[in-house]
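In what follows, a single structure is set out as structure tokens and then discussed.
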Amino acid sequence: MTLLPNSVGAQGASYDRVGYWDCVRAEPVILKKLEALPDGVALLRAYVGDRPTWRNPQHPWRVDSRFKLTGVPTLISWENDAVKGRLEDYEAHLEPKINALVSGN
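Going by the UniProt record's numbering, the letters in the sequence shown line up with residues 1 to 105, in that order.
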């Protein structure tokens, strides 16, 4: 699973225009790596909203005990209804870490 902000903001701004620099950097790497994975791996994209919505300390993804997000994008590997692993915003663009996450290492 990857959690990203809205791909297009309220005024039609892209990631880079609304300040989601980590998403600009990570998304192409994430998508490239996922294309090469076996069919058993699925990507679910859940949006955090525009910048003011995401910055709210009470944002549902921040306070939900299953997620506890502090940044976007965040990659979370789930197995049997439990978090198996995760990559935070500062590491979600690193190919070796993405490989390890999806391979379970």
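Cβ coordinates follow ideal geometry from the N, Cα and C atoms, glycine included.
All values reported here derive from a predicted model rather than from experimental measurement.
Boundaries of the alpha helix (DSSP H) around A100: 95-103.
Per DSSP, A82 is one residue of the beta strand (DSSP E) stretching across 82-87.
Straight-line measurement puts the Cα of T74 at about 13 Å from the Cα of V102.
Distances from the alpha-carbon of E95 to those of E35, W21, Y20 put E35 closest. The beta carbon of K33 sits closer than 8 Å to those of E95, I98, N99, V102, all from its chain and outside the five residues before and after it, given in chain order.
According to DSSP, E79 shares a beta bridge with A82. The beta carbon of G71 is closer than 8 Å to those of D22, E88, D89, Y90 in its chain, skipping five residues each way along the sequence.
Between the alpha carbons of P57 and F67 lies a distance of about 14 Å. Note on E79: under 16 other CB atoms within 10 angstroms of its CB, so exposed under the neighbour-count rule.
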